[in-house]
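Sequential numbering of the sequence shown, starting at 9, is according to my numbering. The C-beta atom is built at its ideal place from N, Cα and C for all residues, glycine as well. Predicted model, so just to flag it, every value in this text is computed and none were measured.
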Amino acid sequence: MMQGIADFSKGLKRTTDSGRTFSERNNPMSALQSCLTIDDLKRLARRRVPKMFFDYADSGSWTESTYRANESDFQKILLRQRVAVNMEGRSLKTEMLGETIAMPVAIAPTGLTGMQSPDGEIKAAKAAEKFGVPFTLSTMSICSIEDIAENTSKPFWFQLYVMRDRGFIERLIDRAKAAKCSALVLTMDLQILGQRHKDLRNGLSAPPKFTPKHIWQMATRPAWAFGMLGTQRRTFRNLVGHVDNLADLSSLSAWTGSQFDPTLSWSDVAWVKERFGGKVIVKGVLDADDARLAVANGADGIIVSNHGGRQLDGAPSSIQVLPEIVAAVGGKTEIYLDGGIRSGQDVLKAVALGAKATFIGRAFLYGLGAGGEAGVTRSLEIIQKELDITMALCGERDIKNIGAHTIYRNGLVGN
Ligand SMILES: Cc1cc2nc3c(=O)[nH]c(=O)nc-3n(C[C@H](O)[C@H](O)[C@H](O)COP(=O)(O)O)c2cc1C
9 MMQGIADFSK GLKRTTDSGR TFSERNNPMS ALQSCLTIDD LKRLARRRVP KMFFDYADSG
69 SWTESTYRAN ESDFQKILLR QRVAVNMEGR SLKTEMLGET IAMPVAIAPT GLTGMQSPDG
129 EIKAAKAAEK FGVPFTLSTM SICSIEDIAE NTSKPFWFQL YVMRDRGFIE RLIDRAKAAK
189 CSALVLTMDL QILGQRHKDL RNGLSAPPKF TPKHIWQMAT RPAWAFGMLG TQRRTFRNLV
249 GHVDNLADLS SLSAWTGSQF DPTLSWSDVA WVKERFGGKV IVKGVLDADD ARLAVANGAD
309 GIIVSNHGGR QLDGAPSSIQ VLPEIVAAVG GKTEIYLDGG IRSGQDVLKA VALGAKATFI
369 GRAFLYGLGA GGEAGVTRSL EIIQKELDIT MALCGERDIK NIGAHTIYRN GLVGN
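Now the structure itself:
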């Protein structure tokens, strides 16, 4: 595959990346700095990341109705404007699991992140560390747990998929422990993979196919292609060398496709927690009864999430169900939300409805695709600035004072 990229890239006199201004072409940093919104970063990422990997991020399952609702339902919540309130000395600082963070935002675990940008997980982890927000590494990452530990100095979080091969899962948990991960994020909503049409049409199924079409997509993104040639990190490095008789991307993909465990149960939360010996956040809860079960089985935190609209299409948006989950277990555990966060205003609305903090998936992936580590930093800066100004215009100086009074209650959530 990489040889194919090299051949195409060598022969390429100029990119097909049309539509860029002269200054963007000659100064990628200025293109990044001219991005004022997450949507701007998305447009830039589309031009810099090969189509099959850009589509992998920008897709939901089946009709993508839940994917769309995650974003659009935020627009239905209105903010309460207050005036003549002292707005000096504002603070967005809060805590997640007792750790102080710069703002109520963490980086969500995303698979194949090292395909959005070479060494993508390392770049995102570094940006998060410098910014002072948590970074979560996916089981299905390109860079390994050890890669992140070697390239960062603060503890990060590791997301675990429970697979049939429990011996492998035990070793994975032990590796996260050895790397001093300060929490495990246990994903419960992917016992079976949702169907994403774009991935199937692009041939990103397991195992992935590399046809001339794919090689062309990569070669027409020469900066990406050369970056990929310059790194050894091009496969699922949490798995390679740790699973017997698996050595390359396609066989690893086939293995993972058959490995997600359809028998996953609530008792596995306690099992994982005991093996890890640290805090466990349960990810993928959309129902109040499931939230109660998560708490009863030892969850230290819950992420209200529909996997970014990638699993059960037709399920409600995360923000829609947040209030009922807060009502069910809000006093007993920390509640976070992900799904559709594209601005600081979305973060504020989630906090107003009871989320202690939020996770961002695509918002940071678009930044990463647009400009690597600097792009992830840009996405965090954009969200931080929007959150700060919105909070001020709502008449608050401390994110910890944001609550139900900050929004109108007759909007989407109706309670
Ligand atoms: C490209 C992509 C890959 C993802 N991979 C994983 C994963 O490996 N593990 C996981 O728990 N969630 C995964 N997710 C879900 C995210 O953790 C998160 O729930 C979702 O992205 C939040 O929605 P948002 O992208 O609208 O912010 C992935 C999401 C995307 C977009």
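(message) At a cut-off of 8 Å, would you count T414 as near ligand 1, judging by its Cβ distance to the nearest heavy atom?
(response) Taking the sequence shown and counting its residues from 1, one reaches residue 414 at position 406. No, Cβ of T414 sits at least 8 Å from all heavy atoms of ligand 1.
(message) For G12 and F218, what's the separation of their Cα atoms in angstroms?
(response) By 1-based counting over the sequence shown, the position of residue 12 is 4. By 1-based counting over the sequence shown, the position of residue 218 is 210. Confidence in G12 is poor, its pLDDT being 46 and thus under 50, which makes the residue's placement unreliable; the coordinate value appears in the next sentence. Answer to the nearest angstrom: the Cα atoms are 10 Å apart.
(request) Determine the contact status of M111 and F61, defining contact as a CB-CB distance below 9 Å. (result) For the purposes of this step, residue 111 is taken as residue 103 along the sequence shown, with counting starting at 1. For the purposes of this step, residue 61 is taken as residue 53 along the sequence shown, with counting starting at 1. Cβ distance not < 9 Å, so M111 and F61 don't count as in contact.
(message) Along the chain, where does the alpha helix (DSSP H) containing E282 start, and where does it finish?
(response) Here residue 282 refers to the residue found at position 274 of the sequence shown. It spans S275 to F284 - the alpha helix (DSSP H) in which E282 sits, taken as one unbroken run.
(request) Could you please give me the residues that DSSP links to M123 through a beta bridge? (result) Start at 1 with the first residue of the sequence shown, and residue 123 comes out as number 115. In DSSP, M123 forms no bridge with anything.
(request) Would you mind reading off the limits of the alpha helix (DSSP H) that contains I177? (result) Taking the first residue of the sequence shown as position 1, residue 177 is located at position 169. That run of the alpha helix (DSSP H) goes R174 to A186.
(request) Decide if K188 is buried, meaning its Cβ has at least 16 other Cβ atoms within 10 Å, or exposed. (result) For the purposes of this step, residue 188 is taken as the residue at position 180 of the sequence shown. Exposed, by the Cβ-count rule.
(request) Could you give the DSSP three-state label for R405: helix, strand or coil? (result) For the purposes of this step, residue 405 is identified with residue 397 of the sequence shown, where counting begins at 1. Of the three classes helix, strand and coil, the one that applies to R405 here is coil, per DSSP.
(request) Measure the C-alpha to C-alpha separation of A233 and A227 and round it to an integer number of angstroms. (result) Within the sequence shown, numbered from 1, the residue matching residue 233 stands at position 225. Within the sequence shown, numbered from 1, the residue matching residue 227 stands at position 219. About 6 Å.
(request) Report the option in R300, P163, A39 and L49 whose CA atom is closest to the CA atom of I391. (result) Residue 391 sits at position 383 when you count from the first residue of the sequence shown. Per the Cα distances, L49.
(message) For Y169, which residues in the same chain have their Cβ closer than 6 Å to its Cβ, ignoring the five residues on either side in sequence?
(response) One-based indexing of the sequence shown puts residue 169 at position 161. Correct list, in chain order: T147 and T195.
(message) Rounding to the nearest angstrom, what Cα-Cα distance links R245 and I311 in this structure?
(response) As a position in the sequence shown, residue 245 is number 237, starting the count at 1. As a position in the sequence shown, residue 311 is number 303, starting the count at 1. Whole-angstrom Cα-Cα distance: 26 Å.
(request) Give the DSSP-derived three-state secondary structure of Y344 in the structure shown. (result) Walking along the sequence shown from the start, residue 344 turns up at place 336. In this structure, Y344 counts as strand in the three-state DSSP scheme.
(request) Taking only heavy atoms of ligand 2 into account, decide whether any of them is closer than 8 Å to the Cβ of A262. (result) With respect to ligand 2, the structure offers nothing, as its ligand set consists of ligand 1.
(request) Can you give me the start and stop residues for the beta strand (DSSP E) that E107 sits inside? (result) For this step, residue 107 is matched to residue 99 along the sequence shown. Its beta strand (DSSP E) spans residues E107 to I109.
(request) Locate the beta strand (DSSP E) running through W165, then write down its first and last residues. (result) As a first step, residue 165 must be located in the sequence shown, where it is residue number 157. That run of the beta strand (DSSP E) goes W165 to L168.
(message) Looking at the secondary structure, which residues open and close the beta strand (DSSP E) in which G292 lies?
(response) Taking the sequence shown and counting its residues from 1, one reaches residue 292 at position 284. Residues K287 to V293.
(message) For a quick check, are the C-beta atoms of D321 and S69 less than 9 Å apart?
(response) Numbered from its first residue, the sequence shown carries residue 321 at position 313. Numbered from its first residue, the sequence shown carries residue 69 at position 61. Closer than 9 Å, so yes.
(request) With DSSP as the reference, label A304 as helix, strand or coil. (result) Here residue 304 refers to the residue found at position 296 when the sequence shown is read from its first residue. Looking at A304 - three-state DSSP - the assignment turns out to be helix.
(request) Determine the direct distance from the alpha carbon of R98 to that of D127, and round the result to whole angstroms. (result) Along the sequence shown, read from residue 1 onward, the residue named residue 127 stands at position 119. Along the sequence shown, read from residue 1 onward, the residue named residue 98 stands at position 90. Taking the straight line joining both Cα atoms gives about 35 Å.
(message) Can you tell me whether E332 sits near ligand 1, meaning its C-beta is under 8 Å from at least one heavy atom of the ligand?
(response) To locate residue 332, count along the sequence shown from 1; it is residue 324. Outside the cutoff, so no.
(request) Indicate the three-state DSSP secondary structure (helix, strand or coil) for E72 in the structure shown. (result) Reading the sequence shown from its first residue, position 64 is the one you call residue 72. Of the three classes helix, strand and coil, the one that applies to E72 here is coil, per DSSP.
(request) Express the C-alpha separation of R90 and S152 in angstroms, rounding to a whole number. (result) Translated into positions along the sequence shown, residue 152 becomes position 144. Translated into positions along the sequence shown, residue 90 becomes position 82. Taking the straight line from one Cα to the other gives about 47 Å.
(request) Taking all protein chains shown into account, decide if F30 is buried (16 or more other Cβ within 10 angstroms of its Cβ) or exposed. (result) As a working note, residue 30 is residue 22 in the sequence shown. Low confidence applies here, because F30 scores a pLDDT of 48, under 50, leaving its location unreliable; read the following figure in that light. F30 is exposed by the Cβ-count criterion.
(message) When you compare the CB positions of R88 and H413, do they come within less than 9 Å of one another, or not?
(response) The residue labelled residue 88 in the question sits at position 80 within the sequence shown. The residue labelled residue 413 in the question sits at position 405 within the sequence shown. In this structure, H413 lies closer than 9 Å to R88 by Cβ.
(message) Taking 8 Å as the limit between beta carbons, can you name the residues of its chain near T385, skipping five residues before and five after?
(response) Stepping through the sequence shown from its first residue, residue 385 is reached at position 377. Closer than 8 Å at the Cβ level, and outside the excluded window around T385, lie A135, K138, F139 and G375.
(message) Let's test the definition: count the other Cβ atoms within 10 Å of the Cβ of Y75 and tell me whether it reaches 16, buried, or not, exposed.
(response) Sequence index remark: in the sequence shown, residue 75 carries index 67 (1-based). Buried, because 16 or more other Cβ atoms sit within 10 Å of the Cβ of Y75.
(message) Given the structure, does V288 come close to ligand 1, in the sense that its CB is under 8 Å from one of the ligand's heavy atoms?
(response) Residue numbering aside, residue 288 sits at position 280 when the sequence shown is read from its first letter. Because no heavy atom of ligand 1 lies under 8 Å away, the Cβ of V288 does not count as near it: no.
(request) Using alpha carbons as the reference points, say which of C402, Q199, Q240 and L361 lies closest to L270. (result) Sequence index remark: in the sequence shown, residue 270 carries index 262 (1-based). Note that residue 270 corresponds to Pro in the displayed sequence, not to Leu. Of C402, Q199, Q240 and L361, the residue nearest in Cα terms is Q199.
(request) Count the other CB atoms, across all protein chains shown, that sit within 10 Å of the CB of D354; report buried if there are 16 or more and exposed otherwise. (result) Within the sequence shown, the letter at position 346 stands for residue 354. Classification of D354: buried, given that the 10 Å Cβ count is 16 or more.
(message) In whole angstroms, give me the CA-to-CA distance for A371 and L294.
(response) Start at 1 with the first residue of the sequence shown, and residue 371 comes out as number 363. Start at 1 with the first residue of the sequence shown, and residue 294 comes out as number 286. The alpha-carbon atoms of A371 and L294 are separated by roughly 21 Å.
(request) Tell me, please, whether the region 394-403 touches the region 343-361 by the rule of three or more beta-carbon pairs shorter than 8 Å. (result) yes
(request) For A323, name the three-state secondary structure that DSSP assigns. (result) Stepping through the sequence shown from its first residue, residue 323 is reached at position 315. Note: A323 maps to coil in three-state DSSP.
(request) Give the straight-line distance between the Cα atoms of E342 and G292, rounded to the nearest whole angstrom. (result) Within the sequence shown, numbered from 1, the residue matching residue 342 stands at position 334. Within the sequence shown, numbered from 1, the residue matching residue 292 stands at position 284. If I take the Cα positions, the gap works out to 14 Å.
(request) Please classify Q243: is it buried, with 16 or more other beta-carbons within 10 angstroms of its beta-carbon, or exposed? (result) Within the sequence shown, residue 243 is the residue found at index 235, counting from 1. Sequence inspection shows Thr at residue 243; the Gln mentioned does not correspond to that position. Buried, since its Cβ has 16 or more Cβ neighbours within 10 Å.
(request) With a threshold of 16 other CB atoms inside 10 Å of the CB of E404, please say whether the residue is buried or exposed. (result) By 1-based counting over the sequence shown, the position of residue 404 is 396. So E404 ends up on the buried side.
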